[in-house]
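Residue numbers (the numbering used here): 11 to 294. All residues carry an ideal CB built from backbone N, CA and C; glycine is no exception. Below: the structure, in structure tokens.
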Amino acid sequence: MLSIDVFTSDYKPIAATAPGWDARQRATWPASTATLVHGRREAALVDALITAEEARDLTEWIRATGKILTTVYVTHGHADHFLGLSVVLDAFPDAVAVALPEVVPHAEEQLSAPYLAYWESLFPGRLPHRHVCPRPLDGDVIDVDGHELRPVRVGQSDTDPSTVVHVPDLDAVVGGDVAYNGIHMWLAQTDRTARDRWQRALDVVEDLRPHRLVAGHQPPGADETDPAGVIAASRRYLSDFDAAVRAGDSAADVIRTMTAAHGERGNPYTLYVSATSQYPAGAS
11 MLSIDVFTSD
21 YKPIAATAPG
31 WDARQRATWP
41 ASTATLVHGR
51 REAALVDALI
61 TAEEARDLTE
71 WIRATGKILT
81 TVYVTHGHAD
91 HFLGLSVVLD
101 AFPDAVAVAL
111 PEVVPHAEEQ
121 LSAPYLAYWE
131 SLFPGRLPHR
141 HVCPRPLDGD
151 VIDVDGHELR
161 PVRVGQSDTD
171 PSTVVHVPDL
181 DAVVGGDVAY
191 NGIHMWLAQT
201 DRTARDRWQR
211 ALDVVEDLRP
221 HRLVAGHQPP
231 GADETDPAGV
241 IAASRRYLSD
251 FDAAVRAGDS
261 AADVIRTMTA
271 AHGERGNPYT
281 LYVSATSQYP
291 AGAS
């Protein structure tokens, strides 16, 4: 029998912010998850966080389960989901880090000098010193004590390509960045066409009919037992953002509209960057 446990790294301050951000407000990176799917003896980890400190905490959490970590699966190529790999693999040297083949080049790009400089500007002195890229997954499934975990291609989320992990035995989906739970969605690298594709990615998750959905970004203690509600809320956020961009004349207009409609979501800095990205001249 399989089980799922979720490690949530809380909101963390960032040192550099986008132009125009009000420095009187603390800018943070959203709360992020790493998910352990485990059987009687073995375990697989989905995503591995970003800073050295949180990755060390993650490894201690895994170690406390007493399970043998065999695999770390990376859902997509954004570094906040895998820069912690070296810390995890140092602690569990027999484990392998994998991603679907089309994700690997995007992860490699994140390990290039310009991208690493960007991430270092956000978390100066806090990133692991050694960097590991996932290798292509051999086959279509990840085995945990004879049970199958199935990576599922969804296309666009906050980046393309993106994937989720379906755990059929538990009617569960570990969703990477496809559905966001209670946190502003990262739309800075999307336009209207990409957001339409994102809606279709949510279709793929919905068609899996999960009873549990773990989002890559969700606050500590988030409810994972209402997948339909999380998916519907993510759809509504994408639609409302599109409408706000069409109706507004500036990033400030979008921020006001989205705050009024979705102000309960965490990490307003994400909304700021997403809105300003739609108006290259910046917020006004």
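Could you tell me whether the Cβ atoms of residue i and residue j are closer together than 7 angstroms?
i             : j              : result
valine 174    : glycine 185    : yes
proline 144   : valine 97      : no
alanine 189   : isoleucine 241 : yes
valine 154    : glycine 49     : yes
leucine 159   : isoleucine 24  : no
isoleucine 78 : valine 47      : no
aspartate 90  : isoleucine 60  : yes
alanine 101   : threonine 75   : no
threonine 43  : valine 16      : yes
alanine 232   : glycine 276    : no
Please name the residue, chosen from the options, that lies closest to residue i on a Cα-to-Cα basis.
i              : options                          : result
aspartate 250  : Ala182, Gly231, Gly273 and Trp31 : Gly273
aspartate 168  : Val56, Lys77 and His194          : His194
valine 106     : Asp213, Tyr282 and Val84         : Val84
tryptophan 208 : Met11, Pro171 and Val255         : Pro171
serine 284     : Val16, Phe17 and Ala28           : Ala28
valine 162     : Val56, Arg34, Gln35 and Asn277   : Val56
arginine 136   : Asp206, Glu63 and Glu119         : Glu63
aspartate 148  : Ala54, Ala225 and Ala109         : Ala109
Please list the terminal residues of the continuous beta strand (DSSP E) segment that includes residue i.
i             : result
valine 177    : 172-177
serine 13     : 13-19
threonine 27  : Where threonine 27 is concerned, there is no enclosing beta strand (DSSP E), given that its DSSP letter is neither H nor E.
valine 106    : 106-109
glutamate 158 : 157-165
Please work out which residues of its chain come closer than 7 angstroms, Cβ to Cβ, to residue i, disregarding the five sequence neighbours upstream and downstream, and give them in chain order.
i            : result
aspartate 20 : Ala41 and Pro230
alanine 65   : Ala58, Leu59, Gly94, Val97, Val98 and Pro138
valine 142   : Leu95, Ser96, Leu99 and Ala107
Would you grab the beta carbon distance between residue i and residue j for me? Rounded to a whole angstrom, and I think it's under 8 angstroms.
i              : j             : result
tryptophan 129 : leucine 93    : 7 angstroms
leucine 212    : arginine 245  : 6 angstroms
tryptophan 196 : threonine 269 : Actually they do not touch by this definition, with Cβ atoms about 16 angstroms apart.
Kindly list the residues whose CB is nearer than 8 angstroms to the CB of residue i, restricted to its own chain and excluding five residues on each side of it in sequence; keep chain order.
i             : result
glutamine 199 : Asp168, Thr169 and Ser287
alanine 293   : Bear in mind that a pLDDT of 40 at alanine 293, under 50, signals an unreliable position, so the number given afterwards is only what the model happens to contain. If we look at alanine 293 and ignore the five residues flanking it on each side, its Cβ neighbours are Gly30, Ser260, Ala261, Ala262, Ile265, Tyr282, Ala285 and Thr286.
aspartate 217 : none
By Cβ distance, which residues of its chain are closer than 6 angstroms to residue i, with the 5 residues on each side in sequence left out?
i             : result
glutamate 52  : Ile78, Thr80, Val154 and Asp155
aspartate 179 : Leu12 and His157
valine 267    : What sits at residue 267 in the sequence shown is threonine, not valine. Excluding positions up to five away in sequence, the list reads Ala254.
Could you check if residue i belongs to the surroundings of the ligand PLP, using beta carbon to heavy atom distance under 6 angstroms?
i             : result
histidine 272 : Absence of the ligand PLP from the depicted structure is noted, as is the absence of any ligand whatsoever, leaving it without description.
What residue range does the alpha helix (DSSP H) around residue i cover?
i          : result
alanine 44 : Segment 42-48 is the beta strand (DSSP E) holding alanine 44; no alpha helix (DSSP H) there.
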